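A.B. asks: Sharing a structure with you now.
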Amino acid sequence: MEKSSKQFFAVALLILAFAIPMSAQAAMKLKLTDVDTGTVVEIEDNGAGDTSAQVGVISFNGPLGDFIVNVTTGISKPVLTGSPTLMDLNSVNVSGQAGTLIIMLTDTGFGPFDGPLVANIGGTANGEISYESYAGNGEYDMTTEIFSGTASGGAFSDTGSVAATNVDSLTIVATLTHTTAGQITSFDSEIKVPEPGTLALLGIGLTGLGFGAYR
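One point on numbering: in the numbering used here, the residue at position 188 of the sequence shown is 274, and numbering is uninterrupted.
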C-alpha cells in the first residue's frame, strides 16, 4: 500500500510539473522610438513586423516619425552561435526633418556567465549619434555598462570592454539626433567575447599593472 501511495504521488507531481506553464525564455527584441512624435515600433524575433524569416535575425524597413528611411537589422543567437560576436545591430537612417530616433536591441539567455565583454561600433554620422552597450539579467537591463560615447560630423569608431559578472542579457542602444532633413546616419555595433589573442594581451596588461603596483 505504501509503495502504491508513493507511485501515486510521483505521478501526480509529474503531471503537475507539466500542467504548470513554464516561463518561456524571452526572444530577441528590436525597438525604434521617434522621440518627437512619440511613434514606437517594437518587433520580436519572428513576430509581427519582422521582415526576416530566419530565427536569430530581426529586420525592419520603413518610415517612422521624422525618419523617412530606416533599414535596421539585429542579429543574435542562434545565428551567431560559435562566433566571438554575441549580438550585432546595424542600421541606416535618413531624416525627413529634424528629429531624434532611439534604436534598441536586446536579447536574453546568454548565460549566466562571468567574463570579459567587448563592444565595438563604427559608422558615419551626418548628425549626432550617442551609443551604449550593456550587460544584465533581463530585457533592456542596463545594469552593467560595457561602453558609451558620442560622435558627429562624419566617420567614427569606438571600442570598450568590461569584466562582466553573472550576465544573462545584452542590450545595444543608439540615439540619433538629426538637425535637418536629408541627414544620414549609418552604423554597425556589436558585443562580443574577446578572441584568444586579445585575451592574452589583456592578461599581459593586467600582469604589468599588478607588477607595477607591487613595485
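Cβ coordinates follow ideal geometry from the N, Cα and C atoms, glycine included.
The model shown is predicted, which means the values in this text are computed figures rather than measured ones.
Closer than 8 Å is the cut-off here; do at least three beta carbon pairs connect the segment 148-158 with the segment 230-239?
C.D. replies: Counting Cβ pairs under 8 Å, fewer than three are found: no touch.
A.B. asks: Look at the alpha carbon of V126 and the alpha carbon of N156, and state the distance between them as a whole number of angstroms.
C.D. replies: Within the sequence shown, numbered from 1, the residue matching residue 126 stands at position 40. Within the sequence shown, numbered from 1, the residue matching residue 156 stands at position 70. In a straight line, the C-alpha of V126 is about 13 Å away from that of N156.
A.B. asks: To which residues of the same chain is F196 closer than 8 Å at the C-beta, ignoring the five residues directly before and after it?
C.D. replies: By 1-based counting over the sequence shown, the position of residue 196 is 110. So the list reads K163, L172, V253, D254, S255, L256, once near-sequence residues are dropped.
A.B. asks: Can you find the residues in the same chain that come closer than 6 Å, C-beta to C-beta, to D131, ignoring five residues on each side of it along the sequence?
C.D. replies: Numbered from its first residue, the sequence shown carries residue 131 at position 45. Taken in chain order, the residues that qualify are A113, M114, I144.
A.B. asks: Starting from A112, follow the beta strand (DSSP E) in both directions and report where the run begins and ends.
C.D. replies: Here the question's residue 112 lines up with position 26 in the sequence shown. Where A112 is concerned, there is no enclosing beta strand (DSSP E), given that its DSSP letter is neither H nor E.
A.B. asks: Below 8 Å on the Cβ atoms is my contact criterion, and I expect T263 with E214 to pass it. Report the Cβ-Cβ distance as a whole number of Å.
C.D. replies: Here residue 263 is taken as the residue at index 177 of the sequence shown, counted from 1. Here residue 214 is taken as the residue at index 128 of the sequence shown, counted from 1. That belief holds up - the Cβ atoms of T263 and E214 are roughly 4 Å apart, short of 8 Å.
A.B. asks: Within 10 angstroms of its Cβ, does G209 collect 16 or more other Cβ (buried), or is it exposed?
C.D. replies: In the sequence shown, counting from the first residue as 1, residue 209 sits at position 123. Buried, by the Cβ-count rule.
A.B. asks: Are A205 and T245 close, meaning C-beta to C-beta below 8 Å?
C.D. replies: If you number the sequence shown from 1, residue 205 lands on position 119. If you number the sequence shown from 1, residue 245 lands on position 159. Yes; because the gap between Cβ atoms is below 8 Å, this pair is in contact.
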